[in-house]
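When the count follows the working numbering, it moves up by one through the sequence shown with no breaks and lands on 729 for the last residue.
Each residue gets a CB set at the ideal place from its N, CA and C atoms; glycine is no exception.
Note sheet for the following structure.
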Amino acid sequence: MTAPAAETSVFLAACRRRPVPYTPIWIMRQAGRYLPEYRQLRAKVDFETLTRTPELAAEVTLQPLKRFALDAAILFSDIMTPLQGMGVDLSFAPGPVVREPLRTLAAIEALRELEPERDVPFVLESIRLVRAAVPRDVPLIGFAGGPFTLFCYLVCGRPEKEFETARAFLYSQPQASLRLLERLADAMSAYLAAQASAGAQALMLFESWAGLLAPPAFERFALHAAQRTLAALRGTGVPRIYYVNQAGALMEAVAGVDAEVIGVDWRVPLDQVRRRLGPDKAVQGNLDPAALFASADELERQAARVLAEAGPAPGHIFNLGHGIWPQADPQAVARLVDYVHDRSARAAPAAKALS
Ligand code: CP3
């Protein structure tokens, strides 16, 4: 069972808004192309094979943990991976490409129901391998794509600047859209529940593109489906993180979602985020990924600003506001991780060691 880690992990304590001795930090997309050791492996093995081979996925998951004092690991996989298990013909170039975009109700109904143990056993095996390899105080985050973000790729077929084809589909075929979102919501709750059973100690839903929607459309399509996924996971007992990119206009709607932690991008200061979400949510974020390109002093000033805006109340997990860029310097990441730990430990005189 996974219970003992809950008492020793600073990350899990922060998810539950308990006092912590320092602010925990991890980095979205922390395993990936900015790491030379990842590029070295990728020169020999394609991305899909990496994600489908548990020994390799576990190795890549652990790469950033060997370099940096990160407070959580995140499984190396992709939000699109489980869709292959539902019968979607998919490749990566490097962004996801769907051979036959879903544009009809018949195609949507023809998707296979996801049975994680049957359809994505390699993901669950990767989780077991990582759990066996990481220290107990560094929890493993399992994740899935938010229903609307998956919808964007499935309907468009390939990344579009503002996913115009998918957004038009919402309005031209609202019933088919709702059906696809419902099917994705149910598949992702089954997928995340299976990850928790395999040993994932937190679950994150990446809703990268829902910020493209106006608030009423966000609520009707994206939030409703995400809520369906998240509510079904309440019984797992592991903290749920709902990340919405570009959520500046959506914060009041997001506040009502059934999740312990809200992840936000860098466009809204965390003091404002906290005010608008209310006291019942922990927050995760939100340094601009571009700040990693600043001088060492300026990077520290920017990190200090994020910590100050998060304030002294418990329930802050430091992160970037979106994924780290492939051009980022690993040394800047090392500086950021150490600085966040040092600065927050000094600023938290009342913080006690975890019991
Ligand atoms: O370290 C981690 O965070 C775990 C690994 C991870 C990947 N993708 C690996 C990956 C995670 C959590 C994701 C999530 C993901 N994938 C999201 C949500 C987060 C976000 O960034 O908004 C989205 C939208 C995708 C879809 C996707 N997959 C894109 C747009 C791309 C290509 C461009 C890019 O950012 O790399 C991928 C491919 C992908 N997923 C790569 C990696 C390391 C690059 C593949 C390669 O090595 O060539």
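Phe450 is the residue among Phe450, Thr423, Pro395 whose C-alpha sits nearest the C-alpha of Ile501. The criterion of a C-beta distance shorter than 8 Å is not satisfied by Tyr565 and Pro700. Within the same chain, and ignoring the five residues on either side of Ile515 in sequence, the residues whose Cβ sits closer than 6 Å to its Cβ are Ala446, Ile448, Ala576, Met578. Nearest in C-alpha terms to Leu552, of all of Arg720, Pro533, Gly531, Ala591, is Ala591. Around the beta carbon of Gln620, 16 or more other beta carbons lie within 10 angstroms, which makes this residue buried. Contact between the stretch 396-405 and the stretch 458-477 is not established, with fewer than three Cβ pairs separated by less than 8 Å.
DSSP lists Val618 as the bridge partner or partners of Glu581. In the DSSP assignment, Ser551 falls within the alpha helix (DSSP H) that extends over 548-572. Each of Ala443, Leu415, Arg441, Leu439 was checked against the Cα of Leu430, and the nearest Cα belongs to Leu415. For Ala605, the CB contacts under 8 Å within the same chain, skipping 5 residues up- and downstream, are Asp632 in chain order. Each residue's CA atom was taken as its position, placing Asp671 and Arg717 some 13 Å apart. In this chain, the alpha helix (DSSP H) harbouring Ser718 covers 704-721.
Per DSSP, Val504 has no beta bridge partner at all. With a cut-off of 8 Å on Cβ pairs, the stretch 678-691 is not in contact with the stretch 701-709, counting fewer than three such pairs.
By the Cβ criterion, the stretch 553-560 is not in contact with the stretch 493-512, since fewer than three pairs of Cβ atoms, one from each stretch, lie closer than 8 Å. Looking from the CA of Glu626, the closest CA among Tyr617, Val647, Ile615 belongs to Val647.
For secondary structure counted as the beta strand (DSSP E) over 3 or more consecutive residues, the stretch 650-677 holds these complete runs in sequence order: 656-661.
For Ser451, the shortest C-beta to heavy atom distance toward ligand 1 is below 7 Å. The criterion of a C-beta distance shorter than 8 Å is satisfied by Ala599 and Pro521. Boundaries around Pro470 are those of the beta strand (DSSP E), 470-472, since no alpha helix (DSSP H) includes it.
The alpha-carbon separation between Glu534 and Ser582 amounts to approximately 13 Å. Per DSSP, the unbroken alpha helix (DSSP H) holding Phe522 starts and ends at 521-530.
Taking the C-beta atoms as reference points, Gln676 is found nearer than 8 Å to Ala668.
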